[in-house]
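A.B. asks: First, the structure itself, so that you have it in front of you.
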Amino acid sequence: MKRKLLGKTPEELKAAALEAGLPAFAGKQIAQWMYVRKVRSFDEMTNISKAGRERLSELFDLGYTPASGCQISTDGTKKYLFPVKCALIHGLNACEITPDEKMEEAFVEAVMIPDEDRKTLCVSSQSGCKMGCRFCMTGRQGFHGNLSVADILSQFIAVDEAQELTNCVFMGMGEPLDNYENVKRAIEVLTADWGFGWSPKRITLSTIGVIPNLRKFLDETKCHLAVSLHNPLPQERADMMPVQQAYPVKDVLNLIRKYDFSGQRRVSFEYTMFSGFNDDKMHADALYRLLKGLECRVNLIRFHQIPDFPYTTSPSGVMEMFRDRLNRLGITTTIRASRGEDILAACGMLAGKHKTP
Ligand code: SF4
Numbered sequence: 053m054k055r056k057l058l059g060k061t062p063e064e065l066k067a068a069a070l071e072a073g074l075p076a077f078a079g080k081q082i083a084q085w086m087y088v089r090k091v092r093s094f095d096e097m098t099n100i101s102k103a104g105r106e107r108l109s110e111l112f113d114l115g116y117t118p119a120s121g122c123q124i125s126t127d128g129t130k131k132y133l134f135p136v137k138c139a140l141i142h143g144l145n146a147c148e149i150t151p152d153e154k155m156e157e158a159f160v161e162a163v164m165i166p167d168e169d170r171k172t173l174c175v176s177s178q179s180g181c182k183m184g185c186r187f188c189m190t191g192r193q194g195f196h197g198n199l200s201v202a203d204i205l206s207q208f209i210a211v212d213e214a215q216e217l218t219n220c221v222f223m224g225m226g227e228p229l230d231n232y233e234n235v236k237r238a239i240e241v242l243t244a245d246w247g248f249g250w251s252p253k254r255i256t257l258s259t260i261g262v263i264p265n266l267r268k269f270l271d272e273t274k275c276h277l278a279v280s281l282h283n284p285l286p287q288e289r290a291d292m293m294p295v296q297q298a299y300p301v302k303d304v305l306n307l308i309r310k311y312d313f314s315g316q317r318r319v320s321f322e323y324t325m326f327s328g329f330n331d332d333k334m335h336a337d338a339l340y341r342l343l344k345g346l347e348c349r350v351n352l353i354r355f356h357q358i359p360d361f362p363y364t365t366s367p368s369g370v371m372e373m374f375r376d377r378l379n380r381l382g383i384t385t386t387i388r389a390s391r392g393e394d395i396l397a398a399c400g401m402l403a404g405k406h407k408t409p
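Offset between the sequence shown (1-based) and the working numbering: plus 52.
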């Protein structure tokens, strides 16, 4: 299997260039083409000689994967489908040296959400997910494997809006902190001067709170954090989200309180509302007690129905009362507008089903 270049640093690309018999400075040129110009083939790297490009393609794979499908919502949201190779079935962690015959094909989705002057890409970090949250379609399908750095970055390059993206959220399929090293490298490429050159403030990582890697993420990056909270009561949260047993939300909060979110960096809490389960005054007050004193925002999310699940979404009026109560208590709370529900692109609906355009 050829080694992938997408995700490599200029130093690593320099080594690749030398290996292909190119001058050392070609490493920087390749980085420019991949991360700034966002080219999709070696052939487009026109300041590298034709023979040089041929040698590169003999030894390496760019790591770019085109979308195999795209659906467009009536609200302009676009859902892209990508084939990825996963090695989980053979007990391997997908990496550049895993032989092709030991890889299985799976699918992941990325969602482009246009909003006034913003174009946000919601990217996937895993195919499927191990975390088993009961209300989530991705969790329902089980785990197929971690995405490589190239698989993650390729989502940014393959969408039609590649040169217009303003923000990204690691909120697609998978738990990003369960594939932390690859996600971290992707963030490094996105934020480096030699990479995409994005400010970390344009990036938000969403997690259910995998504490050891959450600590690393908070120490090693400056990106925003979104925590999927969904219920302030430990037993009820555990019923919906098995992660609560390993990493109780109270411990997640204790960790978060050690970091400064009063300036440029922001933390928010996602709260999906289930009718009659987590949407009353008692839950609002418990949520307030959990978050009291923390500079943060709560996003209330309408639940998007999935098959064989006992709860439905809270009615709009109930969500508004919940929002208003939290706001009165001093916790900034908004109701997030659902996007792309008609193409199953809204929160919790991504399943990586193979659909042709
Ligand atoms: Fe995984 Fe997130 Fe779905 Fe939970 S909500 S199963 S962490 S993708």
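Each residue gets a CB set at the ideal place from its N, CA and C atoms; glycine is no exception.
Mind checking whether Tyr87 and Gly247 have CB atoms under 7 Å apart?
C.D. replies: yes
A.B. asks: Lys302 to Val211, Cα distance in whole Å?
C.D. replies: Using only the alpha carbons, I get a separation of about 38 Å.
A.B. asks: If Val163 and Ala389 are in contact, beta carbons under 8 Å, what's the gap, nearest whole angstrom?
C.D. replies: Actually they are not in contact, since the Cβ atoms of Val163 and Ala389 sit about 14 Å apart, beyond 8 Å.
A.B. asks: Return the CA-CA distance between Ile260 and Pro300, expressed in angstroms with no decimal places.
C.D. replies: Roughly 10 Å separates the two Cα atoms.
A.B. asks: When the distance is taken between beta carbons, is Thr172 closer than 7 Å to Asn219?
C.D. replies: Result yes, Cβ atoms of Asn219 and Thr172 sit closer than 7 Å.
A.B. asks: Please write down, chain order preserved, every residue whose beta carbon lies under 7 Å from a heavy atom of the ligand SF4.
C.D. replies: Answer in sequence order: Cys181, Met183, Gly184, Cys185, Cys188, Thr190, Gly191, Met225, Gly226, Glu227, Ile260, Ser280, Met293, Gly400.
A.B. asks: So Glu322 is in the beta strand (DSSP E); what residue range does that whole segment cover?
C.D. replies: 319-325
A.B. asks: If you follow the alpha helix (DSSP H) that Met373 is in, where does it begin and where does it stop?
C.D. replies: 368-380
A.B. asks: Look at the alpha carbon of Gly315 and the alpha carbon of Glu63, and state the distance between them as a whole number of angstroms.
C.D. replies: 33 Å
A.B. asks: Along the chain, where does the beta strand (DSSP E) that runs through Gly121 open and close?
C.D. replies: 121-124
A.B. asks: Could you work out which residue in Ala202, Lys130, Phe195 is closest to Asp167 when comparing CA atoms only?
C.D. replies: Lys130
A.B. asks: Looking at C-beta atoms only, is the number of pairs between the stretch 92-102 and the stretch 70-84 that lie closer than 8 Å three or more?
C.D. replies: yes
A.B. asks: Compute the Euclidean distance between the alpha carbons of Leu343 and Arg170, then round it to the nearest angstrom.
C.D. replies: Approximately 29 Å between the Cα atoms of the pair.
A.B. asks: So who's on the other strand from Ser179, going by DSSP bridges?
C.D. replies: Gly197
A.B. asks: With a threshold of 8 Å, are at least 3 pairs of Cβ atoms found where one atom belongs to the stretch 316-326 and the other to the stretch 198-216?
C.D. replies: no
A.B. asks: Taking the straight line between their C-alpha atoms, what separation do you get for Ile308 and Arg341?
C.D. replies: Looking at the two C-alpha atoms, the distance is approximately 15 Å.
A.B. asks: Beta-carbon separation of Asn330 and Asn283 under 7 Å?
C.D. replies: For Asn330 and Asn283, yes; Cβs fall inside 7 Å.
A.B. asks: For Met334, count neighbouring Cβ atoms within 10 angstroms of its own Cβ and tell me buried if that reaches 16, exposed if not.
C.D. replies: Exposed, because fewer than 16 other Cβ atoms sit within 10 Å of the Cβ of Met334.
A.B. asks: Using CA coordinates, which residue listed in Met53, Lys54, Leu58 is at the minimum distance from Ala238?
C.D. replies: The option with the nearest alpha carbon to Ala238 is Leu58.
A.B. asks: If I measure Cβ to Cβ from Val160 and keep anything under 6 Å in the same chain, skipping five residues before and after, which residues do I get?
C.D. replies: For Val160, where only same-chain residues beyond five positions count, the Cβ hits under 6 Å are Phe134, Val136, Ser176, Ser179, Met225, Gly404.
A.B. asks: Among residues of its own chain, excluding the 5 on either side of Leu305, which ones have a beta-carbon nearer than 7 Å to its beta-carbon?
C.D. replies: Leu342
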